[in-house]
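Data first, discussion second: the structure below is written as structure tokens.
There are 2 protein chains.
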Amino acid sequence: MTTESEENSLRLRRAQSVTKAEEITEKENKARKLQFDKPLHKPRDSLFSWSSEFADFTGLVNWGFLMLSIGGVRLFLENILKYGIRVNPLEWIIVLMGYSEGNTHQYPSIILLIFSVVPAVTSLLIEKAIAVDILPEKIGIGLQLSNILFVLILPVVVLHYKGPDFSFVGISTVCMIYLVIFLKLWSYIQTNYWCRKGMKGKMMKNKLRRQSLSAPNWNKLMQAEHEQSFDEDKNEAIAAARLVKYPDNLNLKDLFYFLLAPTLCYELNFPRTTRIRKRFLVKRLLEVVFGINLVLALFQQWMIPSVINTVDSFSDMDPVKITERLLKLSVPNHLIWLCFFYLSFHSFLNLMGELLHFADRKFYSDWWNANNISVFWSTWNMPVHMWAVRHVYIPITEMGYSKVHASAVVFFISAFFHEYLVSVPLQMFRIWAFLGMIVQPPLAVISRWAEVRLGARWGNIMVWASLILGQPLAIMMYYHDYAIEHFKPMQE
Amino acid sequence: MTTESEENSLRLRRAQSVTKAEEITEKENKARKLQFDKPLHKPRDSLFSWSSEFADFTGLVNWGFLMLSIGGVRLFLENILKYGIRVNPLEWIIVLMGYSEGNTHQYPSIILLIFSVVPAVTSLLIEKAIAVDILPEKIGIGLQLSNILFVLILPVVVLHYKGPDFSFVGISTVCMIYLVIFLKLWSYIQTNYWCRKGMKGKMMKNKLRRQSLSAPNWNKLMQAEHEQSFDEDKNEAIAAARLVKYPDNLNLKDLFYFLLAPTLCYELNFPRTTRIRKRFLVKRLLEVVFGINLVLALFQQWMIPSVINTVDSFSDMDPVKITERLLKLSVPNHLIWLCFFYLSFHSFLNLMGELLHFADRKFYSDWWNANNISVFWSTWNMPVHMWAVRHVYIPITEMGYSKVHASAVVFFISAFFHEYLVSVPLQMFRIWAFLGMIVQPPLAVISRWAEVRLGARWGNIMVWASLILGQPLAIMMYYHDYAIEHFKPMQE
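What follows is the structure, given as structure tokens:
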């Protein structure tokens with residue numbers, strides 16, 4: 001870095017010469033002021049010059065805000081002028097109800113959603129059977145695994161046979177709900193397993209201690225322990241007594257509370273709020289109602305025309321056109337994603353939490369400040385992140401595998417679920433969503449490098465860039481393949 | 493503000509209930525941790541909830557930066573795809589040289605630019621004549637005023653007779669240079685006038701003192717004064733001796749230095765730098781060369797197509813279309829203005845300053861942080877601002893008029909010069925530029941109100957908004973009128 005040190009010494013010399021010059025000019029200035037020409041010039045640097053050391057550009061933040069708003073309003077008006085008003089609430093009702101050409105008025109999505117109660121209750125029954133020793137534990141766990149695999153496979157099978165009856169929104173919703181149930185039941189089964197193991201361990205310990213002592217000694221010891229713990233903290237004991245203990249948790253009320261609660265991690269005693277804040281509830285409810293309409297309107301008015309426009313440019317393989325379309329698509333896509341994020345993770349999950357007195361509202365962390373991609377993935381979706389850590393990462397490391405192995409497993413499970421959520425509703429088993437996940441680890445390495453070498457700001461910019469540009473790229477890929485599959489044969 | 497206080501008390505109560513709940517849950521948590529279900533939920537709020545008091549959104553600044561960049565690149569690509577490459581350096585040479593259809597190869601712009609030396613030298617000759625008492629002061633000042641008025645009127649007259657020989661860029665340059673010379677000569681005349689008045693005042697004072705004392709006493713006093721001042725600060729006396737004094741300043745070298753110097757305010761002893769920083773000079777020179785090409789390219793490629801596109805929407809009077817066009821035009825216009833600002837006020841004026849050892853480089857202040865329009869007008873163009881304060885505002889207040897009167901005069905002179913710079917080159921005496929200036933005082937009041945009532949941020953946003961949206965509005969008005977005048981008769 002010779003040039004830098006050169007520049008530094010140059011700046012130093014410059015500063016010194018300025019100081020000397022200032023000394024002289026100060027005297028000259030005094031003399032000049034005594035003249036009659038009313039002098040007003042002073043030796044000083046322009047603000048953009050290095051030597052001025054000026055760094056207050058707070059106004060530029062407002063400038064950016066305004067330029068973004070102007071761009072947004074302009075895009076909105078251009079869209080209205082170009083396409084007219086395309087928002088059609090009626091169309092959405094049809095889409096949501098799954099009314100399509102080949103419809104036999106069976107509404108398979110709704111039937112499947114109602115049916116999702118069955119595997120959940122089955123899971124409870126199996127747990128109960130294990131708890132009361134009707135079922136040997138190993139067979140019980142085998143049944144549980146078959147049961148949750150069934151949850152994952154059912155939508156795929158039904159879609160295969162009843163495909164034309166499904167709307168895209170309908171099957172997407174079914175896949176999402178079934179995936180959530182799969183994750184919740186996994187957590188339910190594993191947590192109950194931990195409880196059984198823990199109880200058994202305690203009983204074994206007590207048994208061993210009892211065997212090593214004679215009966216009277218044992219009774220004395222037990223009493224002493226009991227009194228000691230009672231004196232230690234009376235309140236604590238009361239609190240502990242209020243807690244639900246295994247196997248008292250195995251009932252329908254507890255299961256349905258967990259299924260509805262805004263979390264994927266089961267535990268016996270969720271932290272609870274004392275009251276429902278009505279103002280908070282109304283706000284979240286209004287957000288959900290308005291938010292859904294906003295997202296649907298943006299989708300109809302902005303997203304669909306943009307996506308349709310992109311297909312030709314992808315077939316032509318003109319790189320300038322592709323880039324232009326990609327950037328054009330990225331804006332509505334990103335805004336819809338932001339709305340969707342707020343709507344799902346703040347409005348909807350808080351609404352559910354408030355209704356259910358569920359006190360843990362950490363559904364997202366400050367992913368917008370994430371300085372590398374790993375941080376982003378572990379902050380934007382806290383329910384899934386917490387599930388993956390508690391039910392995959394920690395168990396694997398406790399089995400003696402390394403952290404890298406555990407991370408890799410979490411990562412592949414995550415990639416699989418992304419593929420599941422995209423490929424099943426589209427009925428196209430393409431590589432794009434999986435590929436989108438596969439590039440995350442290299443991106444994480446690059447963004448980590450950017451954070452360390454170029455500073456936190458550039459790491460954060462990389463995270464945003466991958467978010468803003470990555471999604472529309474995948475969407476264009478899918479839409480391109482979808483359009484070729486469905487429209488090309490008609491043209492030929 | 494009942495709702496606010498209600499909300500506050502509500503928040504307080506909520507906070508209290510949270511604290512109580514925390515106390516209970518802390519104990520429960522202790523007890524929960526002793527269970528076997530590995531609990532991980534804690535009572536906590538979502539970050540977007542008021543009660544979380546989370547406020548770190550630094551990542552959103554990077555988001556804004558990225559969205560702006562993406563929008564910019566997208567617009568660039570769209571422009572290339574729509575219009576192809578329109579940058580044509582050859583065309584610019586023709587435009588700059590004033591080569592147009594009716595051209596008689598006389599290049600009147602260049603002749604006028606060279607001729608501008610004549611009124612400057614005339615001004616010097618008149619000053620000299622006044623200084624050596626050849627010309628009575630009153631007649632001299634009368635001649636000077638006619639001379640500078642001639643400077644202002646000459647381009648208008650020549651354009652009237654030789655109109656078709658001028659290019660638009662040529663006549664714009666001529667108007668700008670002649671206006672600068674007008675302002676500089678005004679300052680030159682007034683400063684020399686102050687010097688004469690000051691000298692005369694001093695002489696009168698000395699004469700009075702001499703009359704009141706006898707000759708020997710006078711001589712003693714003079715000597716004592718001289719010695720005292722000599723002892724007081726030897727260096728200061730040397731510095732004072734080095735200063736140029738009236739009328740020694742009245743020579744060609746001094747005049748031409750002032751005409752070339754990056755300032756509009758004349759003084760006898762400008763602050764000087766000790767050396768030319770070569771690296772600095774080369775940087776500024778490169779900026780000027782690249783900057784001019786960038787501005788010209790943006791103009792040909794982006795601005796002209798946008799302006800042409802706007803005309804129809806203005807004739808149709810469709811408000812949605814007009815707004816959309818206005819917003820579309822505002823982006824390239826604003827970017828060109830920003831480039832132009834940096835190019836003129838930082839690169840070019842610093843280049844001139846460095847070459848001429850001119851030490852006062854305050855050509856602009858931090859107008860981007862201006863919180864109301866008045867601050868913007870007094871910071872973005874420091875040479876004109878300093879000129880207006882020194883040569884119009886202060887003299888008027890010293891004549892006994894109020895500050896409001898002085899401000900109004902400065903404002904009308906400024907409005908007149910804006911109109912001059914737009915109307916003369918366009919040969920269209922329309923009201924738009926003048927109207928643009930007339931709305932500045934009400935805007936200043938509104939932005940001042942916004943600053944006080946809504947906070948500094950909103951004042952700053954108003955300044956930016958008026959800058960970004962005001963200019964393209966005026967441009968569209970002019971272009972609309974220009975197009976109607978020049979193209980409509982052909983169609984009919």
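Sequences listed follow chains A and B, in order. Going by my numbering, 410 is the number at position 410 of the first sequence; the sequence numbering is gapless. Going by my numbering, 791 is the number at position 299 of the second sequence; the sequence numbering is gapless. The beta-carbon is built from N, C-alpha and C at its ideal position, and this holds for glycine as well.
{"Query": "Report the rounded CA-to-CA distance for Val867 (chain B) versus Arg734 (chain B), giving the unit in angstroms.", "Result": "38 Å"}
{"Query": "For the alpha helix (DSSP H) that Leu154 (chain A) lies in, which residues bound it at each end?", "Result": "137–162"}
{"Query": "Interface residues of chain A around Asn952 (chain B) at Cβ under 7 Å?", "Result": "Gly59, Asn62"}
{"Query": "Report the rounded CA-to-CA distance for Val649 (chain B) versus Trp924 (chain B), giving the unit in angstroms.", "Result": "22 Å"}
{"Query": "For the ligand ATP, is there a heavy atom less than 6 Å away from the beta-carbon of Gly170 (chain A)?", "Result": "No copy of the ligand ATP appears in this structure; indeed no ligand is present at all."}
{"Query": "Does the Cβ of Tyr420 (chain A) have 16 or more other Cβ atoms within 10 Å, making it buried, or fewer, making it exposed?", "Result": "buried"}
{"Query": "Using CA atoms only, rank isn't needed, just tell me which of A:His334, A:Leu264, A:Ile446 is closest to Val392 (chain A).", "Result": "A:Leu264"}
{"Query": "Quick one: give me the first and last residue of the alpha helix (DSSP H) that His334 (chain A) is part of.", "Result": "319–341"}
{"Query": "Are the beta-carbon atoms of Met891 (chain B) and His910 (chain B) separated by less than 7 Å?", "Result": "no"}
{"Query": "With DSSP collapsed to three states, give me the class of Gly594 (chain B).", "Result": "Note that Gly594 (chain B) scores 49 on pLDDT, short of 50, meaning its location in the model is unreliable and no value can be drawn from it."}
{"Query": "What are the boundary residues of the alpha helix (DSSP H) that Leu255 (chain A) is part of?", "Result": "252–260"}
{"Query": "Using a cut-off of 8 Å between C-beta atoms, extract the partners of Thr191 (chain A) located in chain B.", "Result": "Asp529, Lys530"}
{"Query": "What residue does the alpha helix (DSSP H) around Ala129 (chain A) start on, and which one ends it?", "Result": "117–131"}
{"Query": "Measure from the C-beta of Cys195 (chain A) to each C-beta in chain B and report whether the shortest distance is under 7 Å.", "Result": "yes"}
{"Query": "Measuring only the C-alpha atoms, how far is Met490 (chain A) from Pro442 (chain A)?", "Result": "With a pLDDT of 46 at Met490 (chain A), under the threshold of 50, the predicted position of this residue should be treated as unreliable, though the coordinate-derived value follows. Each residue's alpha carbon lies about 40 Å from the other."}
{"Query": "Closest to Asp852 (chain B) by C-alpha separation, out of B:Ile663, B:Phe791, B:Glu759, would be which residue?", "Result": "B:Glu759"}
{"Query": "Which term fits Ser544 (chain B), buried or exposed, when burial requires 16 or more other beta carbons within 10 angstroms of its beta carbon?", "Result": "exposed"}
{"Query": "Tell me whether Arg86 (chain A) sits in a helix, a strand or coil according to DSSP, three-state version.", "Result": "coil"}
{"Query": "On a CA-only basis, which of B:Ala898, B:Lys630, B:Trp956 is nearest Ile865 (chain B)? Give me that one, please.", "Result": "B:Trp956"}
{"Query": "Just verifying my parser: in three-state terms, what is the DSSP assignment at Phe868 (chain B)?", "Result": "helix"}
{"Query": "Reducing DSSP to helix, strand and coil, say where Asp37 (chain A) ends up.", "Result": "coil"}
{"Query": "If contact is defined by three or more beta carbon pairs under 8 Å, each pair taking one atom from either stretch, is the region 783–803 of chain B in contact with the region 821–835 of chain B?", "Result": "yes"}
{"Query": "DSSP on Phe850 (chain B), reduced to helix/strand/coil?", "Result": "strand"}
{"Query": "Any contact of the region 561–568 of chain B with the region 764–771 of chain B, i.e. 3+ C-beta pairs under 8 Å?", "Result": "no"}
{"Query": "Starting from His838 (chain B), find everything on chain A with Cβ-Cβ shorter than 7 Å and list it in chain order.", "Result": "Ser46, Phe48"}
{"Query": "Report buried or exposed for Phe290 (chain A), applying the criterion of at least 16 other Cβ atoms within 10 angstroms of its Cβ.", "Result": "exposed"}
{"Query": "Between the alpha carbons of Asn580 (chain B) and Ser561 (chain B), how many angstroms are there, rounded?", "Result": "26 Å"}
{"Query": "Shorter than 7 Å from the beta carbon of Leu243 (chain A) to some beta carbon of chain B?", "Result": "yes"}
{"Query": "Check whether the Cβ of Thr2 (chain A) lies closer than 7 Å to any Cβ atom in chain B.", "Result": "Model confidence at Thr2 (chain A) stands at a pLDDT of 44, short of 50, so the residue's coordinates are unreliable and nothing is read from them."}
{"Query": "Is the region 662–671 of chain B in contact with the region 743–750 of chain B, if contact means three or more CB pairs nearer than 8 Å?", "Result": "no"}
{"Query": "From which residue to which residue does the alpha helix (DSSP H) around Tyr451 (chain A) run?", "Result": "In the sequence on display, residue 451 (chain A) carries Glu and not Tyr. That run of the alpha helix (DSSP H) goes 440–454."}
{"Query": "Measuring straight from C-alpha to C-alpha, what distance separates Ala456 (chain A) and Phe557 (chain B)?", "Result": "15 Å"}
{"Query": "Considering only their Cβ atoms, is the gap separating Phe660 (chain B) from Pro917 (chain B) smaller than 7 Å?", "Result": "yes"}
{"Query": "Could you confirm whether any beta carbon from chain B is found closer than 7 Å to the beta carbon of His41 (chain A)?", "Result": "yes"}
{"Query": "Using the Cα positions of Asn801 (chain B) and Gly576 (chain B), report the straight-line distance between them to the nearest angstrom.", "Result": "16 Å"}
{"Query": "Under 8 Å Cβ-Cβ, which residues of chain A neighbour Cys831 (chain B)?", "Result": "Per Cβ cutoff of 8 Å: no residues; Cys831 (chain B) is ~13 Å from chain A at best."}
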